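Reading through the structure tokens given below for one structure.
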Amino acid sequence: MIGGRRPLRGRKPADRRVRVERPHAPYFRYMGAGTLVAKPAANVPLTPGGRLLRRVRTVVFGRPLSTEEEIGERLSKTKALAIFSSDAISSSAYATEEIMRVLLLGGASALFLSIQVSIAITVLLAVVSLSYRQVCRAYPNGGGAYIVAKTNLAPIFGLIAAAALLIDYVMTVAVSTASAIAQIQSVIPAAYDFRIEIAFVSISLITVANLRGLRESGNIFAVPTYLFVGLALMIIAIGLVNIVAGTVVQVPPVDAVPFPPQNQLEPIGILLLLKAFAGGSVALTGVEAIANGVPAFKPPEARNAANTMTAMSILLGILFVGLTVFAVAYGLRPTLPGGPSIVALAAAAAFGDGSPLFIGFAAATALILFLAANTSFNAFPRLAAILAEDGYMPRQFSFRGDRLAYSWGIVLLAAVAFGLLWAFGGDTHALIPLYSVGVFVCFTLSQIGMVKHWREVRETGWRWRSVINAIGAVLTAVVLVVVVSEKFRDGAYLVVILVPLLVAMMLFIKRQYTRSSREVAVSPDIVIRAPYREERAVVPIPGLNRAVVQAINVARSVSDDVRAVYITDDPDDAARLRADFERQVPGVPLVVVESPYRTLVGPLLAYLDVLDSAWPPDKASPITFVVIPEYVARSWWERILYNQSAKRLRSVLLGRPHTVVVAVPYRREDPALFEAALGGERQERPGPDAPPGPRSDGPPTGRPPTH
Amino acid sequence: MSDAHAPAFRRAVLALNGGSSDGRIVRLAAEYARQTKAQLVAVHVVEIDWTLPLDADIAGRSEEVQRVLDMAESVAEDYRIALEPVLLQARDVGAAIVDETTERGADLLVVGLPYRKRFGGEFAIGRTIPYILQNAPCAVWVVRDPINEEPA
Chain A
1 MIGGRRPLRG
11 RKPADRRVRV
21 ERPHAPYFRY
31 MGAGTLVAKP
41 AANVPLTPGG
51 RLLRRVRTVV
61 FGRPLSTEEE
71 IGERLSKTKA
81 LAIFSSDAIS
91 SSAYATEEIM
101 RVLLLGGASA
111 LFLSIQVSIA
121 ITVLLAVVSL
131 SYRQVCRAYP
141 NGGGAYIVAK
151 TNLAPIFGLI
161 AAAALLIDYV
171 MTVAVSTASA
181 IAQIQSVIPA
191 AYDFRIEIAF
201 VSISLITVAN
211 LRGLRESGNI
221 FAVPTYLFVG
231 LALMIIAIGL
241 VNIVAGTVVQ
251 VPPVDAVPFP
261 PQNQLEPIGI
271 LLLLKAFAGG
281 SVALTGVEAI
291 ANGVPAFKPP
301 EARNAANTMT
311 AMSILLGILF
321 VGLTVFAVAY
331 GLRPTLPGGP
341 SIVALAAAAA
351 FGDGSPLFIG
361 FAAATALILF
371 LAANTSFNAF
381 PRLAAILAED
391 GYMPRQFSFR
401 GDRLAYSWGI
411 VLLAAVAFGL
421 LWAFGGDTHA
431 LIPLYSVGVF
441 VCFTLSQIGM
451 VKHWREVRET
461 GWRWRSVINA
471 IGAVLTAVVL
481 VVVVSEKFRD
491 GAYLVVILVP
501 LLVAMMLFIK
511 RQYTRSSREV
521 AVSPDIVIRA
531 PYREERAVVP
541 IPGLNRAVVQ
551 AINVARSVSD
561 DVRAVYITDD
571 PDDAARLRAD
581 FERQVPGVPL
591 VVVESPYRTL
601 VGPLLAYLDV
611 LDSAWPPDKA
621 SPITFVVIPE
631 YVARSWWERI
641 LYNQSAKRLR
651 SVLLGRPHTV
661 VVAVPYRRED
671 PALFEAALGG
681 ERQERPGPDA
691 PPGPRSDGPP
701 TGRPPTH
Chain B
1001 MSDAHAPAFR
1011 RAVLALNGGS
1021 SDGRIVRLAA
1031 EYARQTKAQL
1041 VAVHVVEIDW
1051 TLPLDADIAG
1061 RSEEVQRVLD
1071 MAESVAEDYR
1081 IALEPVLLQA
1091 RDVGAAIVDE
1101 TTERGADLLV
1111 VGLPYRKRFG
1121 GEFAIGRTIP
1131 YILQNAPCAV
1141 WVVRDPINEE
1151 PA
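Protein chains in written order, with our numbering: chain A, 1 to 707; chain B, 1001 to 1152.
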């Protein structure tokens, strides 16, 4: 075999052929002129520890997916509905109750207005979802309110929308997890003592599922979502049949919240209705998630996202209004703390208390409340990635992990949400006022942005589209004002503090990236020529050993002007080294710097400064290569024992002007290579009278004078 | 073609010429190999003229030559079929393909035939295909490029 070419005989003597080895083939594939594509083998860790970690990661998260497989990871409409809508759909489990709790203050007759309020909210939902359908089509790269506000209003409005949404997504995870734990507590009271542990486990499971990629999380989360939807629709159907047939049996109130005394009843006026409207508007949280994640859909992405948005809104509208009609028809009333929720009462009335369907629905409700967090796990990382691509977040957030998921965003969301739950002892009631404020900030900004968008593009139907968006903007702005004014003292003021803080942070990051890219930019009109500056190499040595010789040879290959620098506090030691060095490494001057204060770094830096000052002022400064010999550590403890001085040298030289630091690692595993590779010649050793050279077989940097 | 009609083979050698027919024959073979779980070997032969030694460093240095086999491997991967790429240097392409097929015990050899015309308009089959048809120990499929396609 000659240079990877193996000769083979043919059937006839003249038919010889040579099989050519292809060393790149296991690791790379040529896909174009000068373009190599890495294969999975190129990513296999080389150390046993790395390989073990890789195996564990594969078991937990699945095998790494290539970028080409991204299209296979896209979501169908049914899976996307489950993934992106779990937050919105789960809110139908408590939105009716939020309305009724407010209207209760107006007395029994006010409760009947729940249906009208829920219809009004559904109209708002229709307007918002119509608007977001347009957003999906107009901005198919995702980004939702952030992109709409940034493009049509001003970047600062985009950042306000993004900041509000990021806060909201964190809240969604924390609050929905806490709500789900509360549901479990109502069945198993002992769970209260383990609420932090349950929260940790549930957030960890959702995190792992999302790190496994979109398609798999869709598979995992679709069943509970559709189970909840199916059973909730059954409750509504049973209720409607009974209403039509006139066979509704009123549910006697048990542990119900009492009506206020007659003289303390709130008047049934616009204020009470607005409060109820604001309370029930939590149903709209999560609606925007689809518009953020349009690229996650199978092609045609924008159309599929828009249709999923419509399906979600119709489903949410039916569930919300249907459950409200059921609750009013059956005379259901919100209960005191610890009592069953309105949907639980509705399930008991429809399926029978304790029936298998009732238990199934209770389990599905708890599950979908957990899964409401999953919408945030899809929306938050995507929004963070878009912000990172625009330079408003650290770039790592735009990188996709092994499974094509935005791992950094997923992990950050999980960490912050769990941190909140832990800090608040698993009771996030205090955080709820913050929840939904952000969403309405985004709704309002995106609707105003879309009005401007239609007025600018003026495509077919722009008038009626802008009218819808304008109505939506006014309605959501009103709800925003009501929500903020109602919940300001309870904690909504935190949003007023947090949003500007986040916006300031994003602007700071953007400024940093802009400045650094300006500093390193290469003007397009410049043609880069070969460098003309002179070069010199300085090799700080700890003695004479193989690592030093290798470093000197590397330095010789870089420049003809090479000098070794030996810093010591022992003149006799220096004299011995000089004798050996001049004999064994001819042609390379050795500079001995005596360091009476036993320091290494200071004298070396001073020596480099002196070299610079001695350079003729009429010539451009040369590039100084500081070539540092290092050992390749064979184990973790060798990393502690060796190369410490080299590390210090590297760190202090890193920012020095006109200086390049070159670390030359020496592998002790290949001693046989030394003489062959370095081309050393054997000489007779000096006689016994000659002074012995300094012992320098040890590591290059493990010697005095510095420690 | 349904499974029942899939031509059965155990191991097929695909002779790639770096032309437009390469993708076609890899896809065709991969389609059948998937049904019968057969092995595929893609062979690309670089002809070395007599002015150079046979083991001259030619094919290994050429990105274009490597790309022929890498492309085949990539197409086979789309079908989730393993394909062994083999790069050869030889004086005679036909003989090298036949010898490699014989050595590997393949029961099918698939070759691509670009549609070319001689000066004067007569269809030109070249000398490699007739040699293969005459000497190959196994079944041979010849996949000709469509007429309207530009010759490679």
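For each residue, glycine too, the CB sits at the ideal point set by N, CA and C. Keep in mind it's a predicted model, so treat the numbers as computed, not measured.
Chain B residues whose Cβ lies nearer than 8 Å to that of residue i
i              : result
PRO7 (chain A) : LEU1054, ASP1055
Residue i and residue j closer than 8 Å at C-beta
i                 : j                 : result
ILE290 (chain A)  : ALA305 (chain A)  : yes
ILE410 (chain A)  : PHE370 (chain A)  : no
ASN292 (chain A)  : ARG382 (chain A)  : yes
ALA364 (chain A)  : SER176 (chain A)  : no
ILE628 (chain A)  : VAL664 (chain A)  : yes
ALA1143 (chain B) : ARG1034 (chain B) : A small correction: the amino acid at residue 1143 (chain B) is Val; Ala does not occupy that position in the sequence shown. Not a contact, by the Cβ cut-off of 8 Å.
ILE368 (chain A)  : SER66 (chain A)   : no
TRP408 (chain A)  : PHE397 (chain A)  : yes
PHE440 (chain A)  : VAL496 (chain A)  : no
ALA346 (chain A)  : LEU357 (chain A)  : no
ALA1015 (chain B) : LEU1109 (chain B) : yes
LEU125 (chain A)  : VAL249 (chain A)  : no
VAL148 (chain A)  : GLY602 (chain A)  : no
Chain-ordered chain A contacts of residue i [CB-CB under 9 Å]
i                 : result
ARG1067 (chain B) : ARG29, TYR30, MET31, GLY32, ALA33
SER1074 (chain B) : ARG29, MET31, VAL37
Any C-beta of chain B under 8 Å from that of residue i
i                : result
ARG63 (chain A)  : no
VAL20 (chain A)  : yes
PRO691 (chain A) : Interpretation of PRO691 (chain A) is limited by its pLDDT of 45, a score under 50 that renders its predicted location unreliable; no figure is taken from the coordinates.
Per-residue contacts from residue i into chain A (C-beta, under 7 Å)
i                 : result
ASP1099 (chain B) : GLY10, ARG11, ASP15, ARG17
VAL1086 (chain B) : ARG19
ILE1092 (chain B) : In the sequence as presented, Ile is not what sits at residue 1092 (chain B); that position holds Asp. Neighbours of ASP1092 (chain B) on chain A, chain order: ASP15.
Any C-beta of chain A under 8 Å from that of residue i
i                 : result
GLY1060 (chain B) : yes
ARG1010 (chain B) : no
GLN1089 (chain B) : yes
VAL1107 (chain B) : Correcting the residue type first, residue 1107 (chain B) is Asp in the shown sequence and not Val. No, ASP1107 (chain B) lies away from the interface with chain A (no Cβ there is under 8 Å from its Cβ).
ALA1152 (chain B) : Because ALA1152 (chain B) sits at a pLDDT of 45, beneath the cut-off of 50, its placement in the model cannot be relied upon, and the point is left open.
GLU1047 (chain B) : no
ASP1145 (chain B) : no
SER1002 (chain B) : With a pLDDT of 45 at SER1002 (chain B), under the threshold of 50, the predicted position of this residue should be treated as unreliable, though the coordinate-derived value follows. Output row for SER1002 (chain B): interface = no.
Residue span of the beta strand (DSSP E) that contains residue i, given as start and end
i                 : result
THR35 (chain A)   : 35-38
GLN1039 (chain B) : 1039-1047
PRO540 (chain A)  : 535-541
MET450 (chain A)  : Not the beta strand (DSSP E): MET450 (chain A) falls in the alpha helix (DSSP H), residues 437-457.
MET734 (chain A)  : The question about residue 734 (chain A) has no answer here: the residues shown for chain A are numbered 1 through 707.
ARG19 (chain A)   : 17-20
PHE370 (chain A)  : Segment 356-389 is the alpha helix (DSSP H) holding PHE370 (chain A); no beta strand (DSSP E) there.
Reference residue i, options the options, closest by Cα
i                 : options                                    : result
MET100 (chain A)  : A:ALA278, A:ALA162, A:VAL223, A:LEU125     : A:ALA278
LEU323 (chain A)  : A:THR335, A:THR308, A:LEU336, A:ALA350     : A:ALA350
LEU316 (chain A)  : A:THR247, A:LEU81, A:ALA163, A:LYS619      : A:LEU81
VAL467 (chain A)  : A:LYS452, A:ALA477, A:LEU480               : A:LYS452
PRO540 (chain A)  : A:GLY239, A:TYR566, A:VAL522               : A:TYR566
ASN43 (chain A)   : A:ILE243, A:PHE28, A:ALA33                 : A:PHE28
GLU1047 (chain B) : B:LEU1087, B:VAL1026, B:LEU1083, B:ALA1139 : B:LEU1087
VAL483 (chain A)  : A:VAL585, A:THR285, A:VAL660               : A:THR285
ILE386 (chain A)  : A:PHE581, A:LEU544, A:VAL123, A:GLY143     : A:GLY143
SER727 (chain A)  : A:MET309, A:VAL661, A:VAL660               : Residue 727 (chain A) cannot be examined here, being either before or after the span of chain A that is shown, 1 to 707.
Where the alpha helix (DSSP H) containing residue i begins and where it ends
i                 : result
ARG303 (chain A)  : 301-329
TRP637 (chain A)  : 636-641
ALA564 (chain A)  : Segment 562-568 is the beta strand (DSSP E) holding ALA564 (chain A); no alpha helix (DSSP H) there.
ARG1011 (chain B) : Premise fails: ARG1011 (chain B) lies in the beta strand (DSSP E), 1011-1016, not in any alpha helix (DSSP H).
Partners in chain B for residue i, counting only beta-carbon separations shorter than 7 Å
i               : result
ALA25 (chain A) : PRO1085
Per-residue contacts from residue i into chain A (C-beta, under 8 Å)
i                 : result
ALA1096 (chain B) : GLY10, ASP15, ARG17
GLU1063 (chain B) : TYR30, ALA33, GLY34
ASP1022 (chain B) : Ordered by position in chain A, no residue passes the 8 Å Cβ test against ASP1022 (chain B), which lies about 14 Å from the chain.
Short CB-CB distance (under 8 Å) between residue i and chain C
i                 : result
VAL1111 (chain B) : Checking the listed chains, one finds no chain C in this structure; the protein chains it contains are A and B.
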